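Input: a single structure, listed below in structure tokens.
Numbering (the numbering used here), first residue to last: 53 to 660.
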């Protein structure tokens with residue numbers, strides 16, 4: 053069951069929970085503590101209040117440097133993300149407090165946008181069953197359709213449109229556009245966030261003549277937003293931080309103006325929106341629907357030309373034109389894979405009239421596993437696809453099915469067939485890890501981590517006598533994935549690379565219990581502690597995993613030495629995000645002694 057809870061719309065510190073962090077962080081990381089501390093800072097003890105205030109507010113810095121890290125995007129590429137400094141995050145809180153209504157105004161102008169803020173969110177659903185998994189990260193934004201939340205609001209605003217692009221492609225709106233327009237052309241923006249010129253925001257919210265005439269004014273919304281994005285990113289004007297929702301909103305405002313200018317220019321050429329063409333834009337992905345090839349090319353050319361005025365450019369290699377029916381080989385592959393997933397669950401579970409999930413008897417687990425994988429191989433071959441095209445989708449589908457099974461209020465019926473339940477869930481884990489190994493992505497690691505925690509928790513609660521059979525299999529699969537030579541490019545030395553795919557699984561494995569802790573030498577390698585200058589995420593993740601367990605005494609000392617080295621000089625802590633995040637987490641960590649905490653705190657206080 054879920055209880056609807058009202059949100060205080062005047063609680064602008066919610067911005068810290070929803071707008072200022074990348075989604076792709078370790079599963080143990082959040083801004084919850086920062087948020088709670090800022091809400092009650094005036095009520096805390098004078099020493100704690102003074103220290104925290106000095107750490108987070110009292111700064112004369114003209115800019116801050118985000119903590120930049122990279123995650124794997126595919127077999128050969130990486131995605132760079134940024135965790136912005138707490139000083140900058142608090143400035144975004146103040147900015148939203150002053151300008152949330154203007155943000156909404158500038159994000160409501162274009163009829164082409166299918167992912168845009170529409171209202172300040174007003175409520176969330178607090179779930180009371182085991183399916184309450186926001187603590188394992190829920191990427192969905194809040195849609196305006198039902199103002200739905202999960203645990204904490206996943207977005208400060210409720211959104212109009214679709215929280216994922218594939219939902220638009222599967223929508224009745226997409227079918228309606230297909231029925232009106234026989235041609236579809238796609239437009240992809242090359243390195244969008246890396247290319248955004250921050251001053252473009254001012255140009256998008258006021259005309260260039262106004263900006264030039266008022267260049268010294270700082271009261272204009274666009275100039276303030278521009279200045280804030282620079283402050284969060286080393287005072288850079290070329291490119292914005294990648295990852296936080298606030299960056300997508302910044303980009304959305306610019307693209308809304310681009311949409312409108314494109315429509316105006318096409319209207320001047322007698323092409324009417326809704327008659328000769330329409331387009332839909334999901335952040336920086338543009339789908340152009342048109343009556344003819346000539347019109348589609350005109351829309352594409354003009355959109356590209358208007359973007360160039362904002363220093364943005366098309367990626368020609370990713371542009372495609374298709375004709376009715378609007379079906380790609382990848383979409384066909386995903387459709388076939390979805391049917392295979394349905395068949396797999398039909399083999400493993402039946403749903404009774406009372407909505408009970410009842411495990412079916414599986415005589416030969418290996419045969420079912422092999423048959424499913426072969427069906428995916430065959431579909432990939434038939435539609436000229438690869439595992440990477442379909443594995444993340446399958447992992448997402450299977451994860452949602454698993455949540456329904458263990459989260460159902462009728463799930464106690466599973467205990468009637470405990471041994472078969474073990475077989476079926478272990479088979480699902482085998483499938484999930486196979487798909488993950490052939491196409492490891494950070495998003496899939498969150499989903500598998502969620503499955504591990506939910507299933508293990510469920511067995512501990514309802515079938516404690518069987519939990520070791522589940523844990524044994526999960527431990528073996530995690531160790532196999534983490535140790536394999538091709539794991540997520542781990543042998544390639546890339547600056548600032550954080551192996552989140554592996555890291556998340558290891559953190560989730562702690563739910564298995566003390567019997568299943570990894571050997572110390574493996575932990576040191578998996579958390580990259582032997583690299584020169586361990587990263588912030590590696591440090592806090594390792595601290596969480598090893599705690600004060602005697603098994604990791606030497607590793608703990610190595611970790612403390614790495615922290616000491618990182619916090620040796622705190623002169624630039626008011627601008628260095630990684631250093632401040634490390635200090636704040638270490639000062640509140642239950643596994644670090646008070647003597648060390650006092651040393652670091654005094655080191656900082658002496659600079660003020």
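Cβ atoms here follow ideal geometry from the backbone N, Cα and C, with glycine treated the same way.
As the structure is a computational prediction, the values presented were derived from the model and not from experiment.
Contact belief for residue i with residue j at Cβ below 8 Å, rounded distance in angstroms
i, j, result
"residue 71", "residue 298", "5 Å"
"residue 329", "residue 351", "5 Å"
"residue 293", "residue 134", "4 Å"
"residue 640", "residue 85", "7 Å"
"residue 581", "residue 607", "7 Å"
"residue 34", "residue 220", "This structure gives no information on residue 34, because the portion of the chain shown stretches from 53 to 660."
Range covered by the beta strand (DSSP E) that runs through residue i
i, result
"residue 337", "337-342"
"residue 604", "Where residue 604 is concerned, there is no enclosing beta strand (DSSP E), given that its DSSP letter is neither H nor E."
"residue 403", "401-403"
"residue 330", "329-334"
"residue 570", "That residue, residue 570, is in no beta strand (DSSP E); it is neither H nor E in DSSP."
"residue 124", "119-124"
"residue 210", "209-213"
"residue 411", "409-411"
"residue 156", "That residue, residue 156, is in no beta strand (DSSP E); its alpha helix (DSSP H) goes 138-158."
"residue 582", "It is not in any beta strand (DSSP E) - residue 582 carries neither H nor E in the DSSP assignment."
"residue 240", "235-240"
"residue 167", "167-172"
Endpoints, the alpha helix (DSSP H) within which residue i is located
i, result
"residue 132", "No alpha helix (DSSP H) holds residue 132; the beta strand (DSSP E) holding it covers 130-135."
"residue 372", "From DSSP, residue 372 is part of no alpha helix (DSSP H); its letter is neither H nor E."
"residue 310", "297-320"
"residue 255", "252-257"
"residue 424", "417-434"
"residue 448", "439-459"
"residue 555", "552-560"
"residue 353", "345-360"
"residue 472", "470-490"
Neighbourhood of residue i by C-beta distance below 7 Å, restricted to the same chain and skipping five residues each side
i, result
"residue 512", "519"
"residue 278", "250, 251, 253, 254"
"residue 155", "169, 301"
"residue 591", "611, 614, 615, 634"
"residue 199", "Note that residue 199 scores 34 on pLDDT, short of 50, meaning its location in the model is unreliable and no value can be drawn from it."
"residue 337", "217, 240"
"residue 261", "In this prediction, residue 261 scores a pLDDT of 49, lower than 50, which makes its location untrustworthy; the coordinate-derived value is nonetheless stated afterwards. Nothing listed; no residue qualifies."
Beta-carbon proximity list for residue i, same chain, < 6 Å, skipping 5 on both sides
i, result
"residue 647", "none"
"residue 453", "397"
"residue 549", "122"
"residue 599", "643"
"residue 314", "354, 355, 358"
"residue 197", "Below a pLDDT of 50, predicted positions are generally treated as unreliable, and residue 197, at 41, falls in that range; the measurement from the model is reported next regardless. Answer for residue 197: no residue qualifies."
"residue 90", "65"
Of the listed residues the options, nearest to residue i (C-alpha basis)
i, options, result
"residue 414", "604, 475, 253", "475"
"residue 521", "488, 567, 601, 486", "567"
"residue 449", "490, 433, 499, 422", "499"
"residue 168", "155, 207, 212", "212"
"residue 435", "418, 391, 383, 365", "383"
"residue 217", "209, 226, 210", "226"
"residue 627", "514, 114, 652, 368", "114"
"residue 152", "73, 126, 75, 64", "64"
"residue 656", "636, 622, 332, 534", "622"
"residue 331", "144, 166, 636, 419", "166"
"residue 597", "232, 231, 571, 617", "571"
"residue 128", "492, 561, 617, 306", "492"
"residue 143", "88, 68, 93, 89", "68"
"residue 83", "118, 132, 116, 138", "138"
"residue 625", "76, 93, 116", "116"
"residue 77", "587, 618, 609, 649", "587"
Short Cβ contact (8 Å threshold) for residue i with residue j
i, j, result
"residue 247", "residue 291", "yes"
"residue 615", "residue 638", "yes"
"residue 455", "residue 506", "yes"
"residue 494", "residue 559", "no"
"residue 479", "residue 389", "no"
"residue 527", "residue 564", "yes"
"residue 159", "residue 240", "no"
"residue 161", "residue 312", "yes"
"residue 409", "residue 457", "yes"
"residue 276", "residue 147", "yes"
Cβ shell of residue i (< 8 Å), same chain only, five flanking positions each side left out
i, result
"residue 347", "235, 323, 328, 329"
"residue 525", "478, 481, 482"
"residue 399", "412, 414, 420"
"residue 508", "519, 522, 523, 526, 563, 564"
Residue i Cβ short of 7 Å to the ligand FAD heavy atom set
i, result
"residue 651", "Ligands displayed in this structure: none; no statement on the ligand FAD is therefore possible."
8 Å Cβ cutoff, residue i in contact with chain D
i, result
"residue 639", "In summary, chain D is missing from the structure at hand, where a single protein chain is found."
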